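Mapped onto the working numbering, the consecutive letters of the sequence shown carry residue numbers 2 to 252. Glycine included, each C-beta is placed from N, C-alpha and C at the ideal position. If you're wondering where the values come from, they're calculated on a predicted model, not measured in any experiment.
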Amino acid sequence: MNVKIQIKNLNLWYDKSQCLKNITMDIPEKKVTALIGPSGCGKSTLIRCLNRMNDIIDGCNVEGQILYEKEDINKKNANVVSLRRKIGMVFQKPNPFPKSIWENIAYGPKMQGLKDKKILDKIVEKSLKDSALWDEMYDRLHQSAMGISGGQQQRLCIARALAIEPEVILMDEPCSALDPIATNKIEELIINLKKKYTVVIVTHNMQQASRISDYTAFLYLGKLIEYGKTKEIFEKPQMETTQNYITGRFG
Ligand SMILES: Nc1ncnc2c1ncn2[C@@H]1O[C@H](COP(=O)(O)OP(=O)(O)OP(=O)(O)O)[C@@H](O)[C@H]1O
Ligand SMILES: [Mg+2]
2 MNVKIQIKNL NLWYDKSQCL KNITMDIPEK KVTALIGPSG CGKSTLIRCL NRMNDIIDGC
62 NVEGQILYEK EDINKKNANV VSLRRKIGMV FQKPNPFPKS IWENIAYGPK MQGLKDKKIL
122 DKIVEKSLKD SALWDEMYDR LHQSAMGISG GQQQRLCIAR ALAIEPEVIL MDEPCSALDP
182 IATNKIEELI INLKKKYTVV IVTHNMQQAS RISDYTAFLY LGKLIEYGKT KEIFEKPQME
242 TTQNYITGRF G
C-alpha cells in the first residue's frame with residue numbers, strides 16, 4: 002500500500018487534559034480508512050488534526066508529527082490554506098450555504114480565482130456526477146440548496162468538497178443525520194470515491210465500517226488500540242477491548 006498520511010507519536014491536549022495519546026498510524030492512499038470507538042475516545046479530534054481544524058480551538062496543543070507527502074503539516078511555515086485545499090472535509094450535519102446548488106459548488110473554485118462561467122459550469126457538472134447527484138439536480142441547479150433533502154444536502158457537501166479537487170476527503174459521521182436510504186447512497190458514493198481519493202471516515206456504525214472501509218482503526222480513551230485491515234479487525238481482532246467493542250459489549 003502507498004501511504005498518503007503518516008501520523009507519528011501524535012499527542013494532543015485540550016488545556017491540561019490529554020485527549021490523544023501517542024497515536025502512530027499510516028493512512029493508505031486511495032483507500033477508505035474508518036475510525037471507530039466509543040463516544041469521547043477522540044475520533045473527531047484525530048480526524049480534525051489531519052487538516053489542522055484544531056487550530057481554531059483555544060487551548061488545543063499538538064505534539065508529534067503528521068506527514069503529508071513527507072512534509073510535516075504542523076511545521077511553522079506550513080501553508081494551511083493549501084493543506085485544506087488538498088484535504089477537504091465533510092461534517093456530521095449537512096451544512097450547505099444558503100445559496101443555489103450551483104453557487105454551493107462553484108464557491109470554492111471561485112474563491113481560488115476562477116471566473117469563467119463555462120469552466121465553472123463544467124466543474125459543477127463533474128462534481129455533481131462524482132457525488133452521484135447529477136441526475137437529481139441537473140434541472141434545478143439554480144434553486145436553493147436549502148430546499149433539497151438532507152441526504153441530497155450531504156451529497157451536495159461532498160460535491161462542494163470535490164469541486165476544489167482535493168486528494169483526501171475527511172468525513173466525520175457523514176451519515177448520522179440521514180435515513181437508511183440516504184445512508185446507503187452515501188456509502189455507495191464513498192466506495193466509488195476511493196478510485197480517485199483517499200477517504201478517512203469516522204463512524205459509530207460498525208456495519209458501515211465493515212461495509213465500506215479497507216482499514217479500520219479502533220480508538221479507546223485517546224489511544225489507538227488496534228489498527229489493520231477491516232476484515233481482520235472485525236473477524237479476528239487481536240485485543241480483547243476491540244473484540245468487546247465490535248461485539249457491542251460496550252460503547
Ligand atoms: N473543543 C474542545 N475543548 C475541550 N475538550 C474537548 C474539545 N473537543 C473535544 N474535547 C474532549 O476530547 C475528548 C474527545 O472528544 P472527541 O470529540 O474527539 O470524541 P469522539 O470520539 O469524536 O466522540 P463522539 O463519538 O461522541 O463524537 C472528549 O473527552 C471531549 O470532551
Ligand atoms: Mg465525534
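Those residues which DSSP pairs with residue i across a bridge
i      : result
THR242 : DSSP, once it has assigned bridges, lists no residue as partnering THR242.
ASN23  : ASN23 is not bridged to any residue.
ALA160 : Looking at the DSSP assignment, ALA160 forms no beta bridge with any residue, so it has no partner.
THR248 : THR248 is not bridged to any residue.
SER145 : SER101
Proximity test, residue i beta-carbon vs ligand 3 heavy atom, cut-off 8 Å
i     : result
LYS44 : The model on display carries ligand 1 and ligand 2 but not ligand 3.
C-beta contact flag for residue i and residue j at 9 Å
i      : j      : result
GLU174 : GLN153 : no
LYS87  : VAL201 : no
CYS158 : ASN96  : yes
GLY65  : ILE6   : no
Neighbour-count burial assignment, residue i, 16 or more Cβ in a 10 Å radius
i      : result
SER83  : exposed
THR231 : buried
GLN155 : buried
ARG161 : buried
PHE251 : exposed
SER132 : buried
ILE165 : buried
TYR139 : exposed
LYS186 : buried
GLU188 : buried
Enclosing beta strand (DSSP E) for residue i [first to last residue]
i      : result
GLY65  : 61-69
LYS224 : 224-230
LYS9   : 4-15
Residue span of the alpha helix (DSSP H) that contains residue i, given as start and end
i      : result
TYR325 : Lying before the first or after the last residue shown, residue 325 is absent from the chain, which here runs from 2 to 252.
GLU332 : No answer is possible for residue 332: the residues shown for the chain start at 2 and end at 252.
ASN193 : 181-194
ALA210 : 207-213
LEU220 : It is not in any alpha helix (DSSP H) - LEU220 instead sits in the beta strand (DSSP E) that spans 216-221.
ILE120 : 118-131
LEU84  : 81-87
Inter-stretch contact at 8 Å, needing at least 3 Cβ pairs: the region 56-66 / the region 230-249: Remark: fewer than three beta-carbon pairs, one from each stretch, lie closer than 8 Å, so the region 56-66 and the region 230-249 are not flagged as touching.
Three CB pairs or more closer than 8 Å across the region 189-208 and the region 39-53: By the Cβ rule, the region 189-208 counts as touching the region 39-53, because three or more pairs are nearer than 8 Å.
Touch test, the region 64-82 against the region 126-146, Cβ-Cβ under 8 Å, three pairs minimum: Cβ pair count under 8 Å is below three, so no.
Given 8 Å, three or more beta-carbon pairs between the region 183-198 and the region 207-217: Flag = yes, the region 183-198 and the region 207-217 touch.
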